[in-house]
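Visitor:
Chains as they are written, first to last, in our numbering: chain A, 816 to 939; chain B, 5 to 234.
1. What do you reckon, is the C-beta of residue 62(B) under 8 Å from a heavy atom of the ligand ATP?
2. Starting from residue 923(A), find everything on chain B with Cβ-Cβ shorter than 8 Å and list it in chain order.
3. List the residues of chain B whose Cβ lies closer than 8 Å to the Cβ of residue 871(A), in chain order.
4. Taking its Cβ as the centre, do 16 or more other Cβ atoms sit within 10 Å of residue 126(B), making it buried, or is it exposed?
5. Against chain B, with Cβ distances strictly below 9 Å, would residue 916(A) count as a contact?
6. Specify the secondary structure class of residue 136(B) as computed by DSSP and reduced to three states.
7. Between the segment 36 to 56 of chain B and the segment 132 to 147 of chain B, do three or more beta carbon pairs fall short of 8 Å?
8. Give a yes or no on whether the minimum CB-CB distance between residue 141(B) and chain A is below 9 Å.
9. Let me know the secondary structure DSSP gives residue 31(B) once reduced to three states.
10. Which ranges does the beta strand (DSSP E) cover as unbroken runs of at least 3 residues, wholly within the segment 829 to 862 of chain A, from first to last along the chain?
11. Do the segment 877 to 884 of chain A and the segment 892 to 899 of chain A meet, that is, are 3 or more Cβ pairs less than 8 Å apart?
12. Go ahead and pull the three-state DSSP assignment for residue 935(A).
13. Do you know whose CA, among 906(A), 823(A) and 921(A), lies nearest residue 864(A)'s CA?
14. Who are the neighbours of residue 841(A) on chain B, taking C-beta pairs under 9 Å?
15. Helix, strand or coil for residue 2(B)? Go by DSSP, reduced to three states.
16. In chain A, what lies closer than 7 Å to residue 196(B) by C-beta?
17. To the nearest angstrom, how far is the alpha carbon of residue 915(A) from that of residue 19(B)?
18. In this structure, does DSSP put residue 910(A) in helix, strand or coil?
19. Go ahead and label residue 222(B) buried or exposed: buried means 16 or more other beta carbons lie within 10 angstroms of its beta carbon, across all protein chains shown.
20. Checking contacts by CB at 9 Å: is residue 836(A) closer than that to chain B?
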């Protein structure tokens, strides 16, 4: 289970970005491929722990799971794999190891609102 | 007063830090002509025995060394030292895998340029090591005959991240009614075209072909580097 260290990296990177842009983060969006070796459920759980005691506490993690896409040499086209246990073109059955997508593990967006550090309490 | 929430688009590879270190290591290994092989498998697949044999046999003609990762103990390094090759243990504490920075740190007082082959034995784990590039030139995934023929299908990610598969403990194959054709088919299903050897460190079955493969890869590797310089 290495999802905790991955979650901590996500939190660190998001915080750095928040500080640089002077914003507060409500949610972190990531893209996750099945070949990244990271499991979404474990990452959700770890993310909550990694946020504890940081300005990201209470923020959400939004995961977009990316399918595995391979290049089929016979069809000369990009195809979406139907199963991780079968690296073959879903249409013509040609075996292929040429992975185009599926290894992603990247932060793609931050849901933020502007930091109002000086806003007086109760003003609305 | 609360500001309107909005979505900022960013693009940040979460493992960037590891990838940057791995890329630098790979560049260094290439420039120095050191071919780096990493070994991944479940605990007990026979990585250490396989590596001890590899070091002992290669050491006759090549300059070899090894790094070995474990959560705790120096046991593997002690075992591997019997090969008389330089060996260093990396203890990861609670971490279930090696990262590029650990390799970099372990090599800080070694003159890697003096080596033909460097082996890196990862922590026994078929899940987490798949995410981390260590700067290696060849990643071998090992699978012993006692583990079940469908293991490649259960752990497709690690098999997909590897360059070569090694079926180990072939001396036990008959006793456990191992179906080699089925394992080979499963490996090909998750990683079409992957080279696969079946070996036994006990009887030395298959080792000659595997070692020849490594030697050929080293030759190709150093020739490519020389060609690049010319």
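Yeah, the Cβ is synthetic: ideal placement off N, Cα and C, and Gly gets one too. Computed from a predicted structure; not experimentally measured.
Guide: Well, looking at it:
1. You won't find the ligand ATP in this model; it holds no ligand whatsoever.
2. By 1-based counting over the first chain, the position of residue 923(A) is 108. Against chain B, a Cβ distance below 8 Å from residue 923(A) picks out 13, 14 and 15.
3. On the first chain, position 56 is the one that residue 871(A) refers to. Going along chain B, no residue has its Cβ under 8 Å from residue 871(A), so there is no contact; the nearest lies around 15 Å.
4. Working through the second chain from its first residue, we reach residue 126(B) at position 122. It counts as buried.
5. Counted from its first residue, the first chain places residue 916(A) at position 101. Output row for residue 916(A): interface = no.
6. Reading the second chain from its first residue, position 132 is the one you call residue 136(B). In this structure, residue 136(B) counts as coil in the three-state DSSP scheme.
7. Flag = yes, the segment 36 to 56 of chain B and the segment 132 to 147 of chain B touch.
8. Taking the first residue of the second chain as 1, we reach residue 141(B) at position 137. At least 9 Å separates the CB of residue 141(B) from every CB of chain A.
9. Position 27 of the second chain, counted from the first residue, corresponds to residue 31(B). Helix at residue 31(B).
10. The beta strand (DSSP E) runs lying completely inside the segment 829 to 862 of chain A and spanning 3 residues or more are 838 to 847, given in chain order.
11. Yes, since at least three Cβ pairs between the segment 877 to 884 of chain A and the segment 892 to 899 of chain A fall closer than 8 Å, the two stretches touch.
12. As a first step, residue 935(A) is located in the first chain; it is residue number 120 there, counting from the start. Legend: pLDDT at residue 935(A) = 48, less than 50; position of this residue unreliable, value from coordinates given subsequently. Residue 935(A) sits in coil when the DSSP states are folded into three classes, being neither helix nor strand.
13. On the first chain, residue 864(A) is found 49 positions in, with the first residue counted as 1. Residue 864(A) has its Cα closest to that of 823(A), out of 906(A), 823(A) and 921(A).
14. In the first chain, residue 841(A) corresponds to position 26, counting from 1. Residues of chain B passing the Cβ test: 9.
15. Residue 2(B) cannot be examined here, being either before or after the span of chain B that is shown, 5 to 234.
16. As a position in the second chain, residue 196(B) is number 192, starting the count at 1. Contact of residue 196(B) with chain A by beta-carbon distance below 7 Å involves 902, 910, 911 and 912.
17. The residue labelled residue 915(A) in the question sits at position 100 within the first chain. The residue labelled residue 19(B) in the question sits at position 15 within the second chain. Distance from the CA of residue 915(A) to the CA of residue 19(B), rounded to the nearest whole angstrom, comes to 18 Å.
18. In the first chain, counting from the first residue as 1, residue 910(A) sits at position 95. In the structure shown, residue 910(A) falls within a strand segment according to DSSP collapsed to helix, strand and coil.
19. For the purposes of this step, residue 222(B) is taken as residue 218 along the second chain, with counting starting at 1. Burial of residue 222(B) is indicated by the presence of at least 16 other C-beta atoms within 10 angstroms of its C-beta.
20. Within the first chain, the letter at position 21 stands for residue 836(A). Chain B places a beta carbon closer than 9 Å to that of residue 836(A), counting this residue as a contact.
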